[in-house]
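Peer 1: Protein chains in written order, with the working numbering: chain A, 33 to 369; chain B, 33 to 369.
Next up is a structure, given as structure tokens.
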DNA sequence: TATTTTTACGCAACCGTTTTCGTATAAGCG
DNA sequence: CGCTTATACGAAAACGGTTGCGTAAAAATA
């Protein structure tokens, strides 16, 4: 059961190590016949190149790093699916890192990438993250980055997002159209561009409707979501409680349902709800949740595809490019008919 | 911006490469003072060891492979969370592979592991998988495996599961207690032990209740779940339609709700439902779904912890050990009160 | 047929660390 | 004070490939 290496093959076939290596990498320097012999024996012996030796020699690891805040989240889970499918197709391996929204963890993870562990990075920024000098450094070091969903607009690279502004605008408009007079906006971060875009869509829709946005209706949960309950509850039992909610992130949808149940508020009677969400169960909630459904899988795919493209033409730098894949407003029963 | 390697440090500090290497790995051969100097400069220069060179030399990659069927699934997403937390704590990297229930993909992934890419493997078997000779081979090659949730009982290694038999038994008993006379069991695989355990729990509960299980009430979805609809629908509009369902996997819960809606069956009036599920939204479905909630996060943690333990005492083989973390029956409104 | 080009392969350096020894110096000991 | 034992470090051989370059033989060209 002694490990079989490229030397084993070389000896067995009476070839030099370099020839075997080249044969396996399908080099033009090697005759078809030899390639056949090599591959045959390799298959027979169940030989697989040592990825670490290979990476060391070739300076390429065929591995990408995926850095995301969470995995227990329909959006990210779907995105991973998209990413993985593209990666697998291209023979790339996927290293997954969870930041749990912590900037420090994010930084540690990225610092490790200085080592060359990954050929490229797919990333969705943590909620906490403000400055991104450590990302800049990595990019300067030549590691291609593609951001998806939660991006830094001022970084010169490919970014895959959805039409956050328009989606929020449309969603808000829909609520207004259904008679909402006072709509609450639930944000999950003050610094993320995705968040401010959604916020602006919401604000502009309200203004366009001839209303004046109220600061108090914008609630931001920058810390733990567990703080959502008391805040939400307080807001929803106030005298001037809102009659509509736009939640800018999936995780905030359920707390609303919970609070409504506790406070005996009817949905959509007392409160109409729309949430950005990819919950499979949205249609079976009580009542079914009207959602802004993001093309999560496609975003993941697109991000991975962009990265693969950059990785192919080695050494090329990704230029700034903003790819927008639109979301869909799926109207269900949490808003009036 | 030239890559800084261990040689850079060595030269700068007037030390040999080996000394620097040892210093960084905290070898006892090196004086505290030297270690300090080395680490200081390393930090200053932002030096990170090249993982591939390191792995090549040390024959250890500090990387584990996680092979699972899906990621868009609350159970697996939570499990990944558990795994990742333990891995990160121990300085291990996590390579994720999705089989999408395909035995062939699973095999390809595992065959690649022959290369030594990962130090150990955490795995939940694909639905399709029947024989596991390729797993045996890998284990023989000395790569530690820990199985979680979907295990092979006849493999001699650590397996982390939940109490599938008892959970199914209890769930079924609960349905029977609520007056169900004919309970359908939705299975997702004929070969998986997890599946047959749940099935037996169900069968035994029925028998214990003095009823005779009906073959026709056990429906297995071995292929795509999309085939679930027609089958379910047919069954639920038959004359002798069941008045209870136990779904052995989360993915099957929503289709039931769908069919009930289509057929205008009331839940739990016409049909009581229990599903194995970790859906966060279970409590907010219409009606709230009674679930067998698995300790997904804990299972992930336990699996990773067991693997870490094996990885620490290098070269040790994992003995057969079955760790069972119990599930909880969470009673909600899809079963009668 | 002599000469140039192609084809197919081997040699050897290199990738960046780890690790096994060997050893000079310092320390401990009777 | 001579001898053993630690201590702290360096030299060099792996680790298992990749790759640039050199070259003999075969093919193409003149």
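Note that the Cβ used here is the ideal one computed from N, Cα and C, for glycine as well.
1. Closer than 8 Å by beta-carbon distance: list the chain B residues that pair up with residue 144 (chain A), in chain order.
2. Hey, would you say the C-beta of residue 291 (chain B) is under 7 Å away from at least one heavy atom of the ligand ADP?
3. So which residues on chain A does residue 149 (chain B) lean against when the C-beta distance must stay under 7 Å?
4. Taking contact to mean 3 or more Cβ pairs, one atom from each stretch, closer than 8 Å, check whether the region 207-217 of chain A and the region 165-176 of chain A are in contact.
5. Does residue 274 (chain A) come within less than 8 Å of chain B when only Cβ atoms are used?
6. Would you say residue 207 (chain A) reaches chain B, if we count a Cβ-Cβ gap shorter than 8 Å as a contact?
7. Strictly under 8 Å for the Cβ-Cβ distance: is residue 164 (chain B) near chain A by that measure?
8. What is the C-beta distance between residue 127 (chain B) and residue 329 (chain B), in whole angstroms, given that I count them as a contact (C-beta under 8 Å)?
9. Only counting the same chain, and skipping five residues up and downstream in sequence, which positions put a Cβ closer than 8 Å to that of residue 229 (chain A)?
10. If we ignore side chains and look at the alpha-carbon of each, how far apart do residue 33 (chain B) and residue 52 (chain B) end up?
11. DSSP state of residue 264 (chain B), grouped into three classes?
12. Taking 8 Å as the threshold (C-beta atoms), are residue 99 (chain B) and residue 153 (chain B) in contact?
13. If we cut at 8 Å on Cβ distances, does residue 350 (chain B) have a partner in chain A?
14. Give me, in chain order, the residues of the same chain whose beta-carbon lies closer than 6 Å to that of residue 155 (chain A); leave out the 5 immediate sequence neighbours on both sides.
15. Is the beta carbon of residue 314 (chain A) closer than 8 Å to that of residue 114 (chain A)?
16. What is the DSSP secondary structure of residue 218 (chain B), counted as helix, strand or coil?
17. Taking buried to mean at least 16 other C-beta atoms within 10 Å of its own C-beta, is residue 82 (chain A) buried or exposed?
18. When you compare each of A:279, A:280, A:265 to residue 273 (chain A) by their alpha carbons, which one comes out closest?
19. For a test of the three-state rule: what should DSSP assign to residue 129 (chain A), helix, strand or coil?
20. Run down chain B in chain order and give the residues with a C-beta less than 9 Å from the C-beta of residue 319 (chain A).
21. I need the boundaries of the alpha helix (DSSP H) containing residue 211 (chain B), first residue and last residue.
22. Measuring only the C-alpha atoms, how far is residue 241 (chain A) from residue 352 (chain A)?
23. Does residue 33 (chain A) come within less than 8 Å of chain B when only Cβ atoms are used?
24. How is residue 270 (chain B) classed by DSSP in three states: helix, strand or coil?
25. Taking Cβ positions, are residue 305 (chain B) and residue 324 (chain B) nearer each other than 8 Å?
26. Between residue 91 (chain B) and residue 49 (chain A), what straight-line distance do the alpha-carbon atoms span, to the nearest angstrom?
27. Counting along the chain, where does the alpha helix (DSSP H) carrying residue 97 (chain A) start and finish?
28. For the alpha helix (DSSP H) that contains residue 297 (chain A), what are its first and last residues?
29. Chain B partners of residue 93 (chain A), CB-CB under 9 Å?
30. Go to residue 38 (chain A), then tell me how far its alpha helix (DSSP H) extends in each direction, as first and last residue.
31. So the beta strand (DSSP E) residue 396 (chain A) belongs to, where does it begin and stop?
32. Determine the DSSP secondary structure at residue 370 (chain A), reduced to helix, strand or coil.
33. Check each candidate in B:292, B:147, B:107 and name the one with the smallest Cα separation from residue 263 (chain B).
34. Compare the C-beta of residue 87 (chain B) with all C-beta atoms of chain A and state if any pair is closer than 8 Å.
35. Taking the C-alpha atoms as reference points, what is the distance between residue 59 (chain A) and residue 145 (chain B)?
36. Measure the Cβ-Cβ separation of residue 138 (chain A) and residue 165 (chain A) and say whether it is below 8 Å.
Peer 2: This is what the structure holds:
1. 80
2. Looking for the ligand ADP in the displayed structure turns up nothing, as the structure carries no ligands at all.
3. 83
4. no
5. no
6. no
7. no
8. Not confirmed; about 20 Å, so no contact.
9. 196, 197, 200
10. Model confidence at residue 33 (chain B) stands at a pLDDT of 42, short of 50, so the residue's coordinates are unreliable; what they give is reported in the following sentence. Each residue's alpha carbon lies about 21 Å from the other.
11. helix
12. yes
13. no
14. 99, 179
15. no
16. strand
17. buried
18. A:265
19. strand
20. 318
21. Segment: none, residue 211 (chain B) is in no alpha helix (DSSP H) and carries neither H nor E.
22. 35 Å
23. Annotation note: pLDDT 41 at residue 33 (chain A) (below 50); position unreliable, coordinate value reported separately. Chain B, which has a Cβ nearer than 8 Å to the Cβ of residue 33 (chain A), makes this yes.
24. coil
25. no
26. 21 Å
27. First-last for residue 97 (chain A): 95-100, but that is the beta strand (DSSP E), not the alpha helix (DSSP H).
28. Element bounds for residue 297 (chain A): n/a, residue is neither H nor E.
29. 83, 84
30. 38-45
31. Shown here, chain A extends from 33 to 369; a query on residue 396 (chain A) therefore has no answer.
32. This structure cannot settle anything about residue 370 (chain A), because the visible part of chain A is limited to 33 through 369.
33. B:292
34. yes
35. 24 Å
36. no
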